[in-house]
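Reading through the structure tokens given below for one structure.
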Amino acid sequence: MNGIKSFHWTEKMEFVNLTAMLIAIPVDSGVSLLFSALWMLSVILKNTILKRWSFFGWHQDKNFHYSKNNYFLIPMMCYWFAYLLSLLWTENMTTGWGEVGELVWFFVLPLTCVCTDFRQFSEKLVRIMLWSYVLILSVLFVVLLSIVVVKACGSAEHSFLWFMMNEDFYYIHHSYMALYILTGLAFIYSELVRKEKHDVWQIVLAIVCACCLVLFLLCINSRAGLLCLIILMALCWMHQCFIRKKYRFAIWSLAAMLLLVAVAHFALPDHFRRLSVTIEQVAHGDKSDDRFEIMGKAWMVVKDNMLLGVGAGDRMDELAPYYGSLEDAYCPHNQYLDSWMATGVIGLLSLLAMLIVPLVMAWRKRNIFSILFLLMLMVNLLFESMLERQMGVVFTVVIYVYMLLIFQLDSKSIINTKILKNE
Numbered sequence: 013m014n015g016i017k018s019f020h021w022t023e024k025m026e027f028v029n030l031t032a033m034l035i036a037i038p039v040d041s042g043v044s045l046l047f048s049a050l051w052m053l054s055v056i057l058k059n060t061i062l063k064r065w066s067f068f069g070w071h072q073d074k075n076f077h078y079s080k081n082n083y084f085l086i087p088m089m090c091y092w093f094a095y096l097l098s099l100l101w102t103e104n105m106t107t108g109w110g111e112v113g114e115l116v117w118f119f120v121l122p123l124t125c126v127c128t129d130f131r132q133f134s135e136k137l138v139r140i141m142l143w144s145y146v147l148i149l150s151v152l153f154v155v156l157l158s159i160v161v162v163k164a165c166g167s168a169e170h171s172f173l174w175f176m177m178n179e180d181f182y183y184i185h186h187s188y189m190a191l192y193i194l195t196g197l198a199f200i201y202s203e204l205v206r207k208e209k210h211d212v213w214q215i216v217l218a219i220v221c222a223c224c225l226v227l228f229l230l231c232i233n234s235r236a237g238l239l240c241l242i243i244l245m246a247l248c249w250m251h252q253c254f255i256r257k258k259y260r261f262a263i264w265s266l267a268a269m270l271l272l273v274a275v276a277h278f279a280l281p282d283h284f285r286r287l288s289v290t291i292e293q294v295a296h297g298d299k300s301d302d303r304f305e306i307m308g309k310a311w312m313v314v315k316d317n318m319l320l321g322v323g324a325g326d327r328m329d330e331l332a333p334y335y336g337s338l339e340d341a342y343c344p345h346n347q348y349l350d351s352w353m354a355t356g357v358i359g360l361l362s363l364l365a366m367l368i369v370p371l372v373m374a375w376r377k378r379n380i381f382s383i384l385f386l387l388m389l390m391v392n393l394l395f396e397s398m399l400e401r402q403m404g405v406v407f408t409v410v411i412y413v414y415m416l417l418i419f420q421l422d423s424k425s426i427i428n429t430k431i432l433k434n435e
């Protein structure tokens, strides 16, 4: 079944909720959680009402050939269990249960995926869902930019650039928003290289959306986002040059990227100055930047609790003495240190497996979108405790659900191709 009209009503409900889960995240992660709950409900209805499925996916249609590829979700579930296990030695149980509650989606949504399949979805439908996400981000940028322009036009004291430099462009934390935008850019690139020939309108749409997202990333003033953008462009360029052997395209695209960087540098100098100063500090071994100082304090706690960690509820309490008071304490701003500090080696290894296992799968399947997303996530986790807040947890697990869907479609295509050859 490839057309939505042919879907059972429970399958239509699942399709709508899966799409809404993703496109709601840049607006409000809480709304995305609501649609996630509705998606789980649709899965339960699908597996109980439709006679050809049982509740946990047993006794499925033997005439349908597919592979779930859901084992890469196991490390994610283990990561949540590591936080749950750490409650055995944590003292601040209230905070500890709060941490476990925020991460419970790392267990619930993968479990839902294990209990169902995505046999009704096609590659076209998945692309429609991801394009909807990209379009929502692009429209959001246009709306926000229009608001800034209106403010500048109505102000006799301040210019457009003043509003850009002195006011928050968007209310969502810039590190998380940067990851949302980078994921959209990764999908656009994967669409452009998906096939050799594209319709003109597809190319125009991709270019317009890519420009909107790049400008969006520049406007939110995220150092990690700018660094990841540079890394993303470098990875895409190397893919064109060394994997696809598109040397002419690589030369023109490199020139376009350099021109974009130059224009953005002169248009928004303060944004680039923050990044350049940070790079200079790192190059000269200067740890005066607050983020490096915060990570250093987190490492002091980790060194004393390497094996088991301090417990999910005690990490901020253990950091407080290094700051002077709990009110002045900051989270590690590094997810690897954060997880290690809270849950010990078990949590750290689970986090690394959660990143590396799907990356290996994506590499074997040559799925460029999943590869780029995972690499961007890995880099962002170096500069922010992305899984400390719901907006990071929800986005990560939703994209993993989409990766599972993509992997299953790839495997289904391969299996069906082999069957046709044998026949």
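Read in order, the letters of the sequence shown are residues 13 to 435 in the working numbering.
We put the CB at the ideal spot given by N, CA and C, even for glycine.
* Asked: For the alpha helix (DSSP H) that contains G166, what are its first and last residues?
  -> 135 to 166
* **Straight-line gap, W101 to F119 (C-alpha atoms, nearest Å)** => 21 Å
* Three or more C-beta pairs closer than 8 Å, one from the stretch 158 to 178 and one from the stretch 219 to 227: is that the case here? -> no
* Asked: Counting along the chain, where does the alpha helix (DSSP H) carrying A49 start and finish?
  -> 41 to 61
* Asked: Around the C-beta of F419, are 16 or more other C-beta atoms found within 10 angstroms, so that it is buried, or is it exposed?
  -> buried
* So E396 packs on A218, CB below 8 Å; how close in whole Å? -> With a Cβ gap of about 28 Å, E396 and A218 do not count as contacting.
* To do: Have a look at K17 and F27 and give me their C-alpha separation to the nearest angstrom.
  => 12 Å
* **Spatial distance of N441 from C125 (CA atoms)** => Residue 441 falls outside the range modelled here, since the chain spans only 13 to 435, and no answer is possible.
* First and last residue of the alpha helix (DSSP H) that includes W101? -> Per DSSP, W101 belongs to no alpha helix (DSSP H) and is neither H nor E.
* To do: Identify which residue in Y342, M245, F261, L319 has its Cα closest to the Cα of L387.
  => M245
* Cα-Cα separation between I243 and L197, rounded to whole angstroms -> 12 Å
* Should Y95 go down as buried or exposed, given a rule of 16 or more other Cβ atoms within 10 Å for buried? -> buried
* State the start and end residues of the unbroken alpha helix (DSSP H) segment that holds M105. => 105 to 114
* C-alpha distance - W352 paired with A168, whole-angstrom precision -> 52 Å
* Measure the C-alpha to C-alpha separation of L46 and Y183 and round it to an integer number of angstroms. => 20 Å
* Pull up the distance between the alpha-carbon of M415 and that of S48, whole angstroms please. => 16 Å
* Asked: By how many angstroms is the C-alpha of S171 removed from the C-alpha of A32?
  -> 37 Å
* Same chain, Cβ closer than 8 Å to L85, five either side skipped, listed in chain order -> P122, C125, V126, Y412, L416
* To do: Hey, could you find the ends of the alpha helix (DSSP H) F19 is sitting in?
  => Neither: F19 is in no alpha helix (DSSP H) and is coded neither H nor E.
* If you draw a straight line from the C-alpha of R303 to the C-alpha of M25, how long is it? -> 44 Å
* Nearest-angstrom Cβ-Cβ length linking L247 and L384, presumed shorter than 8 Å -> 6 Å
* Helix, strand or coil at R303 according to DSSP, with G and I counted as helix -> helix
* Considering only residues of the stretch 353 to 399, which uninterrupted beta strand (DSSP E) runs meet the minimum length of 3 residues and lie entirely inside it, listed in chain order? -> none
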